[in-house]
Amino acid sequence: GSLVLTLSDTLAQNANGSTGSAITGNHNHLVNASLPLVIKAKDDDSGLNALLHYDILDMLPRRYFHIDSSTGAIKTIMFLDHEKIPFFSFHVKVTDLGKPRLTSELTAEVRINITDVNDCAPTFTQNEYNVTLLLPTYANVAVLQVNATDEDSSENSTLRYDIIEGNRDGVFAIDATTGIITTRDVESIGTSYRLAVRVSDGKFAKVAQVNVNVETSENSGLIFQRPTYEGSIMENSTKISTVAVVNVLGSTLNEHIEFSILNPTDMFQIGLTSGAIQTTGRKFDREVRDNYELIVEARSQQPDREKPRVAHVIVNVTILDINDNCPMFVNLPYYAVVSVDDPRGSVITKVHALDLDSFENGEVRYEMKRGHGELFKVDRKTGEVTLKQTLEGHNRDYELLISAYDGGITPCSTDVTVHVKISRNPSGFSGTQSNNIVSAPVVEVMLLSVVLFYPSNPYPAGLLG
1 GSLVLTLSDT LAQNANGSTG SAITGNHNHL VNASLPLVIK AKDDDSGLNA LLHYDILDML
61 PRRYFHIDSS TGAIKTIMFL DHEKIPFFSF HVKVTDLGKP RLTSELTAEV RINITDVNDC
121 APTFTQNEYN VTLLLPTYAN VAVLQVNATD EDSSENSTLR YDIIEGNRDG VFAIDATTGI
181 ITTRDVESIG TSYRLAVRVS DGKFAKVAQV NVNVETSENS GLIFQRPTYE GSIMENSTKI
241 STVAVVNVLG STLNEHIEFS ILNPTDMFQI GLTSGAIQTT GRKFDREVRD NYELIVEARS
301 QQPDREKPRV AHVIVNVTIL DINDNCPMFV NLPYYAVVSV DDPRGSVITK VHALDLDSFE
361 NGEVRYEMKR GHGELFKVDR KTGEVTLKQT LEGHNRDYEL LISAYDGGIT PCSTDVTVHV
421 KISRNPSGFS GTQSNNIVSA PVVEVMLLSV VLFYPSNPYP AGLLG
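Under UniProt numbering, read the sequence shown as residues 1 to 465, first letter to last.
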């Protein structure tokens, strides 16, 4: 008879006769939806001739997996490590036990992915870090960046840094994601620090020591050409452009001076020797942040000097506004109840819109776009909706479509509907008192009086109300 290779009903067979499964590292058995991986073949013979024998052909997988020769069930026999071997692919052959023994013309290809688990601790690239911080300095200046790695896959190796010891008076801060240590309270900086910095992947943790030596820089005569520098860039721009160029005075002929930005930012970069500050191509959003204060250092390490020559300067970069926001109406929705007795000029409601842009781009004006201009009008500046005439003889309700425009060169606008109901003065009041306009939610306030007594004094010590 002939042998036909099939797969267990618990698995899906591919067109090429292969099967795949996944196994979690460190497990000692193979699981696919809580069911074992089973290779099945059938033989049309009967008796001894129909008994089958399964075998793994490849040598390396046989060190990690065992197949039951009778049932075709595959299980692990050795510790699996995703970091060493993340994937196995091997072939299984099947023969019958008849005489002569027949072997299937096809082999089953088995593919097994080893799923990663968090079984590796993070490690620092150095056990100990040493750095010198020169005074004077500023807040948010980068002192050092510690780095750690984790052999686990990215989803199991999200690292978090923190300072657990040695940070007297909270002088330093560390970015939990990048590991960059920065100054925080520069007024309280001492002479030296031994910081214990921890990195954790959520399960395992390691600690490294960071030694910070604080020294006062000498008056080397190196100064910047200006006390401060100013620059600007348009928001939403992704073009790499130069916003400022810093220069130093007091350098000697052929003295090698290097520039750096001390407070970390991914929005700007500076030429190492040119002092040209450029954007990095990332988009600026003025509504999120309208100014960047960059601390620039010029440093020269001369062979005949023990300490480097340094100078610092502040560079202020302003993010210029473009008209990228439309006005937004607030206190929605707008309803007004108007009496037929209300005189001409009565204010029936007021619309209000905000624009997050600045200057002209953020100035808002109002216009009635649609809806009975012979009866109602809206003030361009205040948004007050008033009557142009009395509504005697008008019994229907009205809907006014009002637009808010900003002052940009190409104005941006937003529309809102004002619902106006005409009343025959059911409340008994006359004139503008009949306007039933609610422009803000009613807040209930409960007044609470507390009288404090002390055992030694029978009289009230205080009254709060």
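A virtual CB, placed ideally from N, CA and C, is assigned to each residue, including glycine.
Just so it is clear, the structure is predicted and the values come from calculations on it, not from any experiment.
Between residue 73 and residue 92, the C-beta gap is not smaller than 7 Å, which leaves the two residues out of contact.
In this structure, residue 363 sits near residue 407, with a CB-CB distance shorter than 7 Å. Closest in C-alpha terms to residue 342, from the list 388, 373, 89, comes 388. Contact between the region 158-166 and the region 220-240 is absent, with fewer than three C-beta pairs closer than 8 Å.
Using a Cβ distance threshold of 7 Å, residue 181 and residue 144 count as a contacting pair.
The beta carbon of residue 392 lies closer than 7 Å to those of 340 in the same chain, with the five residues before and after it left out. For residue 407, the three-state secondary structure derived from DSSP is coil. Excluding sequence positions up to five before and after residue 321, its CB lies within less than 7 Å of the CB of 235, 286, 357, 358, 359, 361, all in the same chain and listed in chain order. Assigned with DSSP and collapsed to three states, residue 169 falls in helix. For residue 82, the number of other beta carbons within 10 angstroms of its own is at least 16, and it is reported as buried. With at least 16 other beta carbons inside 10 angstroms of its own, residue 133 counts as buried.
Measuring C-alpha to C-alpha distances from residue 300 to each of 58, 293, 272, 351 identifies 272 as the nearest.
The region 276-285 makes no contact with the region 365-382; the number of CB pairs closer than 8 Å stays below 3.
Within its own chain, the residues whose Cβ lies closer than 6 Å to the Cβ of residue 347, once the five positions on either side in sequence are excluded, are 384, 386, listed in chain order. With 16 or more neighbouring CB atoms inside 10 Å of its own CB, residue 167 falls in the buried class. For residue 177 and residue 309, the gap between their C-alpha atoms comes out near 32 Å. By the C-beta criterion, the region 411-422 is judged to be in contact with the region 322-333, since at least 3 inter-stretch pairs fall below 8 Å. With fewer than 16 other Cβ atoms inside 10 Å of its own Cβ, residue 264 counts as exposed.
Here the alpha carbon of residue 268 sits roughly 10 Å from the alpha carbon of residue 241. Residue 176 sits in coil when the DSSP states are folded into three classes, being neither helix nor strand. In the assembly as shown, residue 330 is an exposed residue. Its beta-carbon has fewer than 16 other beta-carbons within 10 Å. In this model, residue 129 and residue 112 are separated by some 42 Å (Cα to Cα).
Residue 196 carries a strand assignment under DSSP once its states are collapsed to helix, strand and coil. Partner residues in a beta bridge of residue 389, as assigned by DSSP, do not exist. Per the C-alpha coordinates, the member of 345, 217, 398, 313 positioned closest to residue 259 is 313. C-alpha of residue 38 to C-alpha of residue 208: approximately 48 Å in a straight line. Proximity of the region 53-61 to the region 88-102 meets the contact definition, three or more beta-carbon pairs being nearer than 8 Å.
In the three-state reduction of the DSSP assignment, residue 259 falls in the strand class.
Excluding sequence positions up to five before and after residue 164, its CB lies within less than 6 Å of the CB of 196, 198, all in the same chain and listed in chain order.
Under the three-state reduction of DSSP output, residue 413 falls in the strand class.
About 6 Å separates the beta carbons of residue 149 and residue 123, which is inside the 8 Å limit, making them a contact pair. By the neighbour-count definition (other C-beta atoms within 10 Å, threshold 16), residue 403 is a buried residue. Taking C-beta atoms as the reference points, residue 262 and residue 141 count as a pair closer than 7 Å.
Secondary structure at residue 186: helix, using DSSP grouped into helix, strand and coil. At a Cβ-Cβ threshold of 7 Å, residue 281 and residue 238 count as neighbours.
Membership of residue 62 in the alpha helix (DSSP H) is indicated by the continuous run 59-64.
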